[in-house]
Each structure stands twice: as structure tokens, then as C-alpha cells.
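Reviewing the structure listed below.
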Amino acid sequence: MWSPRHYLEQGRLQKQPSAVLAVAVEQIKRLQAHNPPLPPILTLKHLAKVTKVRKAKLECFVERIAPEVSYKRFNIKKRTSGYRKISIPEPDLMKVQAWISQNILQLPSVHSASKAFRKHDSILKCAEVHCGAKWMIKIDIADFFGSITEIQAYRVFKDLGYNPLISFHMARICTDLIPKSQKYKMQAWQIFENKYSITEYHNKNNFGRLPQGAPTSPLLSNLVMLRLDKTIAELAEKQGLRYTRYSDDITFSTKGDYSRKQAVEFVASVSALLKADGLYLNRKKTVIVPPGSRKIVLGLLTDREYPNLTKEFKEKLRQHLYYIKTLGVEAHMRRREFDSVGGLYRHILGLINYANLVDPTYAYKMKQQFKSLPWPGQ
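Taking UniProt numbering as reference, the numbering of the sequence shown is continuous, increasing by one, and the terminal residue is 378.
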């Protein structure tokens, strides 16, 4: 248990100025007042000590020195269609991000409508909220992680009680400068020289954003969205709509009477709220689903009392297993335009794990077929 008296005694023994010690004690008290208490990180040197990553290395991350080697970047095929850009932090950066995620970001509460990235959250629980709905509205936020800036990350840490400088340091550590981003043409993403009193922090011209692949990004995104989740939930409640958000997938539904006109106006209201926070709808994925139409949430059919896998999902998985068995792994990999055998392997395993959330018996059968295939090295 932390003791302010013991802290002050140790500080005086080290001949630290009384004013500095008093400020530090107040900062620590703020962090300890949280339920559960947050770890008292006051300086970058302190963060280096608890994470066992050299302070000089942390300074490189904060100052954006050689950002091109801070992350390994590649694309992975999405479960539905298209590709997702992934940025995996280099080992020391991964280490400090993992510490921040586990020891700070997972402790504060998020809004009850947020159904992703927490221990007891799941796609299944999110879909269950909307089972049996008559009307449904589905909204997708375009480039969700990539739309959250280091400024918003900074505000999360500062609002938790961390001092401004260490909040800035952790925000920089948790964000990345994405190469060749179209967003950096927008003025809102450009840094002006007079923004920083510490000149080393202004060696790049753009704000960082959350990288998809960093362990801190999911939980940071939930905390950034806390205020907006509350506002959207209140708006939905006024219209008799249930609201969930699973990362960038937003769903509203009702078992009561509703109309397309109401739905169109509601989407416009939500769009305005998102835009005010620098977020934009993916218009192609924004859908109003009326009574009588199939209702699917996060790939799960919600027409009945409990969520179910769709026929299309089962057919897709069946085809993968069938063609690997008949054509071979590499032929099917090329046919489906995967970059590597490993990518194909992980994609199919991901489908099976997804199925296991909803229908464990079916998933077990598919897993046995999957394991019997002639994968290289087995």
C-alpha cells in the first residue's frame, strides 16, 4: 500500500525539493483515488523503470525518431472482404504498450454499450442485444483506429489523473505516424511549430493516430469513445432504440414500431455527432433493415431468440476446407489470393474460432477437418 508519509520521507532523504514532492504526492493521490487505483507514473524515467525499457529508447518513440522502423507493417485479409492494414510494434515498443494496456487502460470503466476488447465482452453478447428486432440500423465508422489522434489519447491519460507531460509521453508511445496517409492532407492532422515548447517533440508535421496492431489501441479507443457513447446512447433511448458498439460497428434496433423516415433522420443525427469528434460513416456499410428482412449483427443472424451462424458463413468455410483437400494448400492459397500459407491458415482458423463462439458443436467438427488437411510442416 502506497504511503504519502513514506514517499515524502524517502524524497527528503534524496534531497528532493519540498515543492516537487508536494506536487508529486497530489498527483499520486489523484491516481490512487480511482477504483481500482491506477499506477502512479510521474515521469518518463519512472515509466522506463516499471517497463524495463531504456529511457533513451522511450525518448526515441516520443520524439518520433525513425518511425518507419518502430512498426512492422503488412496487410491481412478481412473475414468478409478486402484487406486490413496492420502495424505491429517493434519488441521494446510492444513491451511498453502491453504494460500500459494491462496496468492502466484496462482498469477504467467503459460505457455499457461498448461490447469489444474487454474480458467478458464478445461478438455473441453484442448480437444477443438485438435478437428479435423488427427494425435495425447498422453503421460502420470508417478507418476507426486511424481516426483517433494522439490528442485524444493524451486527453484519456490526462483525464485519468496523469500529469500533462507524462500523458503526452504515453500518448506518443501509443500512436504512430502512418506512412502516406490521405488524412495528413487535412489541416486538423497537421502540427504547427508553435505547438511545442520542447522543440525535440516537433520533428514531424503530423499528429499520430492509433495503429491497428498495437495492444493499447483497442482499450484506448473505448476510453476515447466514452463520452460519445453516452451521448449516442441517450439519443437512442429517446427513440426507443437499443444501442451497441463493437469497435467500429454500431447497431441500433427496436422491437417496436418505427419508420424509414425516422431511421434516416436518426442516422443523420448520429453522423453529425461522430463528425464533431472527427469520425465519419462508411456510407457503403450504413444500412437500414426494415421488418421482414434478414437481420445480421457482426455476421450473426439475429432473427430468432438466439444468434446463429449464417448459411453463407458455413458455405464459405466448407469451400475453404473442400478445396484445400482437393486442390492442395498452395493451389487454394493462390486461387484465393492469399499472400502466404500462414495467412490462409490463420484466416480459416479465425473463422472456426468465430464459429465456436456461437455453435461449439459445429466448430469442433470443422476444427477436426481443418487439422486433417495437409498443412506444410505437419
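Here a beta-carbon is modelled for each residue, glycine too, at the ideal position from N, C-alpha and C.
Cβ pair F74, P218 closer than 7 Å: Along the sequence shown, read from residue 1 onward, the residue named residue 74 stands at position 74. Along the sequence shown, read from residue 1 onward, the residue named residue 218 stands at position 218. Not a contact, by the Cβ cut-off of 7 Å.
Burial state of G350, where buried means 16 or more other Cβ atoms lie within 10 Å: Taking the sequence shown and counting its residues from 1, one reaches residue 350 at position 350. Exposed is the call here.
Beta-carbon spacing of E208, L235 below 7 Å: Position 208 of the sequence shown holds residue 208. Position 235 of the sequence shown holds residue 235. Here residue 208 turns out to be Gly, not Glu, going by the sequence shown. In this structure, L235 does not lie closer than 7 Å to G208 by Cβ.
Per-residue DSSP class, three states only, for M333: To locate residue 333, count along the sequence shown from 1; it is residue 333. Residue state, collapsed to three classes: helix.
Proximity winner among K95, L165, D140, relative to T43 (alpha-carbon distances): Sequence index remark: in the sequence shown, residue 43 carries index 43 (1-based). Per the Cα distances, L165.
Rounded straight-line distance, which links the Cα of N356 to that of S253: Here residue 253 refers to the residue found at position 253 of the sequence shown. Here residue 356 refers to the residue found at position 356 of the sequence shown. Rounded to whole angstroms, S253 and N356 show a C-alpha spacing of 25 Å.
Alpha helix (DSSP H) segment containing V289, residue limits: Residue 289 sits at position 289 when you count from the first residue of the sequence shown. Where V289 is concerned, there is no enclosing alpha helix (DSSP H), although the beta strand (DSSP E) it sits in stretches over 287-289.
Close-in-space but distant-in-sequence residues of the same chain around P307 (CB under 8 Å, 5 per side omitted): Position 307 of the sequence shown, counted from the first residue, corresponds to residue 307. Here the set comprises L124, A127, E128, C131, V297, L300, L301, V358.
Residues near A48 in its chain [Cβ-Cβ closer than 7 Å; skip 5 each side]: Position 48 of the sequence shown, counting from 1, holds the residue named residue 48. Answer for A48: R54, K55, L58, listed in chain order.
Bounding residues of the alpha helix (DSSP H) (the contiguous stretch that carries residue 389): This structure does not reach residue 389, given that the chain is present from 1 up to 378, and the question cannot be answered.
R304 to I28 span [Cα, whole Å]: One-based indexing of the sequence shown puts residue 304 at position 304. One-based indexing of the sequence shown puts residue 28 at position 28. Between R304 and I28, the C-alpha separation is close to 51 Å.
Stretch-stretch touch, CB-based, cutoff 8 Å, three pairs: the region 256-271 with the region 145-159: Segments in contact, no.
Nearest-angstrom Cα separation, counted from K261 out to W99: As a position in the sequence shown, residue 99 is number 99, starting the count at 1. As a position in the sequence shown, residue 261 is number 261, starting the count at 1. Taking the Cα positions, W99 is about 48 Å away from K261.
For F157, the three-state DSSP class (helix, strand or coil): For the purposes of this step, residue 157 is taken as the residue at position 157 of the sequence shown. F157 carries a helical assignment under DSSP once its states are collapsed to helix, strand and coil.
CA-to-CA distance, V62 to A113, given in whole angstroms: Numbered from 1 along the sequence shown, position 113 holds the residue referred to as residue 113. Numbered from 1 along the sequence shown, position 62 holds the residue referred to as residue 62. Going from the Cα of A113 to the Cα of V62 covers about 33 Å.
Status (buried if at least 16 other CB within 10 Å, exposed otherwise) for V224: The residue given as residue 224 occupies position 224 in the sequence shown. By the 10 Å Cβ count, V224 comes out buried.
Environment of A33 [buried if 16+ CB atoms lie within 10 Å]: Numbered from its first residue, the sequence shown carries residue 33 at position 33. Exposed, by the Cβ-count rule.
Whole runs of the alpha helix (DSSP H) within the region 240-302, excluding any shorter than 4 residues: 260-276
Reference L373; option with closest CA among R227, Q97, I288, Y323: Within the sequence shown, the letter at position 373 stands for residue 373. The shortest Cα separation from L373 among R227, Q97, I288, Y323 belongs to Y323.
Paired residues, beta bridge with F74 - DSSP: Numbered from 1 along the sequence shown, position 74 holds the residue referred to as residue 74. Beta-bridge pairing links F74 to I86.
Cβ distance (whole Å) where L273 is taken to contact Y280 below 8 Å: What you label residue 273 is simply residue 273 of the sequence shown in a count that begins at 1. What you label residue 280 is simply residue 280 of the sequence shown in a count that begins at 1. Not quite, the Cβ-Cβ distance comes to about 12 Å (not below 8 Å), so this is no contact.
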